[in-house]
Amino acid sequence: MAECVKVCTENFGKGAQDIEVYKKLGGYENISERLFNMSQFEVIDYVQRSNLRGRGGAGFPTGMKWSFVPRNSGKPVYIVVNADEGEGGTFKDHYLMMEDPHRLIEGLIIAGWALGSRSAYIYVRGEFLPCIETLNKALNQAYAAGYLGENICGTKFSFDIFVHRGAGAYICGEETALINSLEGQKGQPRLKPPFPAVSGAWKSPTCVNNVETIMALPWIFKHEPEEYAKLGTPRAGGTKVFCISGDVKNPGVYEAPLGTPMMTMINDYAGGVVGGNLKAVLPGGSSCAPLTAEECAVATMDYECLASMKTMFGSGAMIVINDTHNMAELLNVLGNFYSHESCGQCTPCREGTGLIHRILNQIVEGKGHDGDVEFMQSLSNGFGGVTICPLSVSLGGPVSSYTTKFRSDFDELIAKNPDRAKPRVQETSRPGIFW
Amino acid sequence: MNHKQGAIHFVANNNLKFEDGPKPLFVRPSSAAPVQKKNEEQKQPSREEVRALLDVPEIKDRCADLLSRYPEPQGALLEVLWLVQGVLGWVPTEGIRWAAEVCSCAPAHALGVATFYTMYNHAPKGKFLLQFCRNISCAIKGAQPLIKYIENKLGIKSGETTPDGLFTILQVECLGSCGNGPMMLVNDDFATDVVDGQLKMKRGTTLTEESIDRIVEWCKAHANNVPKRDVLGGIVKGHMGHPNAPGATAKPQVADYAPPSPVLNVKAEADETGASLTWKGAPEFTKLVVEKKNGSNWEVVGEPSVKDKCFVDATGKVGDTYRMIATSGERVAKPSLEAVATQKPVPEEKAV
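Protein sequence lines correspond, in order, to chains A and B.
Taken in order, the first sequence gives residues 629 to 1063; the numbers are from the working numbering.
Taken in order, the second sequence gives residues 27 to 378; the numbers are from the working numbering.
Structure, rendered in structure tokens:
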């Protein structure tokens, strides 16, 4: 395992929660004449040259996202940091905020300068109260040191950061739902367009970025953007913070360059698979398609390779599964999760995720019937493109890929039902649905 | 405070209650893991009781601070509901109505918000709320047997409270600590074990039956002095609030806080027809000037439109040095970096 350049996790374990320690480690060096002599356009160009792509899951180029924000619209521009990390298997933002809150603040000041923003919000999920405490402590120190507030460091630039505590809704990780939640409404996604970059929070231009994206900015500005781009693949620059969990010896947060082979991540960083042989890996959180052991051997951890394997890079959350697990049981966990977290706006998602969950529940309990798998596949095929947000597809994708790649696991459980060939008894009084 | 009078009046005449409606036609199978019970039969405290606890200077200051952060008061609704939960331990109907009044929104809207998010309790909970993650990473590492274990140990099911009012068990979705899975939240503390008399989640540790025993013992030992934490993680001092917030002192961002943008990435290529320049322009340019170096002086050779992508200087040849100056509104940006014209590559002839 080659020693890799650390971008976001540079200060881990060094006590960088305190501003003095952080400054000694080179923090807040970017908040200087050099930044204040750069125009907004130059800063955005700088980020574009670094090839930084959004780390939240969709992987959209950050510099391009910023360039969409209209200037001189007469409305305030908001920066919102998405720290509503709820995807199964993702826990990097939790550690990043706990270990290095000042880096997030420094990155936000750079982003604020680039976008001409006056107020930024950090939307932290409700469960992360320790993170909020750490952030608030860091904000107090940053205000006292004059890095935030009115006329920062003697310039005409004023900038405030507020922490907003969410209250437990996975769907608020979707950017328009997050904006709704910030406005004090139910966290239900909005129809796009208009995109948040043009009309987001309070109908003003809004830029929603992941914690890790913002935390990469101080490093990029301290070094040359080309240096950051060189760390990754040609189409996506930099390093990525991977979260490895599941059946590995040392689960945890590891920073590695984009394009690292998947088996290197599992064997060298996380210490190898424990409890059995490798069966499958979810490379980008709970809502992506699993890769079988043979596919894992050739996969590299970057956006293009995983997209070509019909899964996705997502948030870089690798969930390693060994061969003692039945994939149908794990899909049942996901069915439970997505049906619980559906916001209830769109019928295909509200009803479809629940129906898939109930079928899976019966399969796992040994009450599955022949044809259940085909029925679930046909349901999941109907999810694409008919809902406002991709939550239903986040379950539909796994359903079709789990059932295709690990069909025997489902058949094994269905075979436990002696009456599996009989037609289903109608279990509800609702007319029209035979379930 | 500016209330939407009509809305308040309307709801004031409708006694909001969390009562069971008509029996749903479609009941989910009982095998579905239980979620937080919302419609539990619960005695709601009266308006006076709730207001006596909430209308205190300390809470009012916090509310004023929260309201100053958002351009519209409704933005603070989630945080104000958290304050209610912090004071009362749960959000009763009157607490929701109070939050709606603070945030100048309709109580029905506040009720919708309070019931949408799962972390607001609609019935009192035990002194220690034990939330177990049941999502995929924890499930792989054996969360369900541990949840069964604690249910048997305390003699209650998930979603229920022990008769002595000490513990409530909940199964929740991913808690964002999958590297420590299976793990739990004890009130607001991530925990996999008790270390030196403190709940801790150290790297590389996971919840086991023994550590659950230790955590339960720790909770019992702290039953009379439950660690109290600020629901919003403390107060941030020094911020000026949002410029559009009611009664704000903060000023909006000055439009020209940053220097005007120069022209970036100027490239010049020349052949016998002259030199052509390309550049990258910012949207705020109002005027562009191209200059050519003549000895030690700069001569203006043209003024391309801001929408142009290319400018051709017919007299230009290889080796000429160019620079561009942009104007944004009334402010003139610093000149671009100098670009020396290079030989234009001859386009390859296409095969016929």
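Even for Gly, the Cβ is constructed at its ideal location relative to N, Cα and C.
Here's the rule I'm using: 16 or more other beta-carbon atoms within 10 Å means buried, otherwise exposed. How should glutamate 803(A) be labelled? buried
Using beta-carbon positions only, say whether alanine 352(B) and serine 287(B) come within less than 9 Å of one another. yes
Tell me, please, whether the CB atom of tryptophan 124(B) is closer than 9 Å to any CB atom in chain C? Any reference to chain C falls outside this structure, whose protein chains are A and B.
I'd like to know if methionine 145(B) contacts chain A, where contact means its C-beta is closer than 9 Å to some C-beta of that chain. Yes, methionine 145(B) counts as interfacial toward chain A.
Indicate whether phenylalanine 785(A) and glycine 735(A) have their beta-carbon atoms separated by less than 9 Å. no
Per DSSP, the bridge partner or partners of cysteine 336(B): Thr304(B)
Cβ-based burial, asparagine 658(A) [other Cβ within 10 Å; buried from 16]: Only buried fits asparagine 658(A), as 16 or more other CB atoms lie within 10 angstroms of its CB.
Does the distance between the C-beta of alanine 1043(A) and the nearest non-hydrogen atom of the ligand FMN fall short of 8 Å? The ligand FMN is not part of the structure shown, which contains no ligands of any sort.
Test: valine 326(B) CB closer than 9 Å to a CB of chain A: no
Please name the residues in the segment 200-212 of chain B whose beta-carbon is closer than 7 Å to at least one beta-carbon of chain A, in chain order. Cys200, Leu201, Gly202, Ser203, Cys204, Gly205, Gly207 and Leu211
Mind checking whether aspartate 297(B) and lysine 318(B) have CB atoms under 9 Å apart? no
Which residue spans inside the segment 69-131 of chain B form an unbroken alpha helix (DSSP H) run of at least 4? Listed in chain order, they are 73-80, 83-93, 103-114 and 119-128.
In angstroms with no decimal places, state the Cα-to-Cα distance between asparagine 1009(A) and glutamine 973(A). Cα-Cα distance, rounded: 19 Å.
Rounded to whole angstroms, what is the Cα-Cα separation between methionine 726(A) and tyrosine 856(A)? 24 Å
Can you check whether the C-beta of valine 198(B) is within less than 9 Å of a C-beta belonging to chain A? yes
Within the chosen definition, does the segment 237-249 of chain B reach the segment 775-794 of chain A through at least 3 CB pairs nearer than 8 Å? no
Straight-line Cα distance separating glycine 138(B) from methionine 817(A): Rather than methionine, the amino acid found at residue 817(A) in this sequence is proline. Approximately 15 Å, taken between the alpha carbons.
Can you tell me whether leucine 363(B) is helix, strand or coil according to DSSP? Leucine 363(B) falls in the coil class under three-state DSSP.
When Cβ atoms are compared, which residues of the segment 158-186 of chain B fall closer than 8 Å to chain A? Arg160, Asn161, Ile162, Ser163, Ala165, Ile166 and Lys167
By DSSP, does valine 871(A) sit in helix, in strand, or in coil? It is worth fixing the name first, because residue 871(A) is cysteine in this sequence and not valine. Cysteine 871(A) falls in the strand class under three-state DSSP.
Short Cβ contact (9 Å threshold) for isoleucine 241(B) with aspartate 214(B): For isoleucine 241(B) and aspartate 214(B), no; Cβs fall outside 9 Å.
Use the C-beta contact count for alanine 140(B): other C-beta atoms within 10 angstroms, 16 or more gives buried, fewer gives exposed. buried
Ignoring anything shorter than 3 residues, give me the beta strand (DSSP E) runs that lie fully in the segment 733-789 of chain A, in order along the chain. 747-752
Nearest to threonine 920(A) (by Cα), restricted to the options Gly702(A), Thr939(A) and Phe756(A): It is Thr939(A).
Stretch pair the segment 709-727 of chain A + the segment 181-192 of chain B: three plus CB contacts closer than 8 Å: no
Candidates Val1027(A), Ser667(A) and Ala748(A), of which the one nearest leucine 962(A) by Cα: Leucine 962(A) has its Cα closest to that of Val1027(A), out of Val1027(A), Ser667(A) and Ala748(A).
Contact with chain B by asparagine 905(A), beta-carbon distance below 9 Å: no
Nearest residue (CA-CA) to leucine 886(A), options Lys642(A), Gly687(A), Tyr650(A) and Tyr656(A): Gly687(A)
Going by the beta-carbon positions, is the gap between glutamate 811(A) and arginine 753(A) smaller than 9 Å? no
Quick one: which residues of the segment 128-143 of chain B get their C-beta closer than 8 Å to a C-beta of chain A? List them in chain order. Of all residues in the segment 128-143 of chain B, only Cys129, Cys131, His135, Gly138, Val139, Phe142 and Tyr143 come within less than 8 Å of chain A when Cβ atoms are compared, listed by chain position.
Might you give, ordered along the chain, the residues of its own chain that have their beta carbon closer than 6 Å to the beta carbon of aspartate 951(A), omitting 5 neighbours on each side? Gly904, Asn905 and Lys907
Give me the chain B residues within the contact set of glutamate 883(A), using Cβ-Cβ distance strictly less than 8 Å, ordered along the chain. What glutamate 883(A) touches in chain B: nothing, since even the nearest Cβ is about 14 Å away.
Once DSSP output is grouped into helix, strand and coil, what is the label at isoleucine 1016(A)? coil
Below 8 Å on the Cβ atoms is my contact criterion, and I expect leucine 1019(A) with glutamate 957(A) to pass it. Report the Cβ-Cβ distance as a whole number of Å. No, leucine 1019(A) and glutamate 957(A) are not in contact; Cβ-Cβ is about 22 Å, not under 8 Å.
Distance check for proline 976(A) and glutamine 111(B), CA to CA, integer angstroms please. Each residue's Cα considered, the two are about 34 Å apart.
With a threshold of 9 Å between beta-carbons, can leucine 80(B) be considered close to chain A, or not? Look at leucine 80(B): its C-beta is not under 9 Å from any C-beta on chain A.
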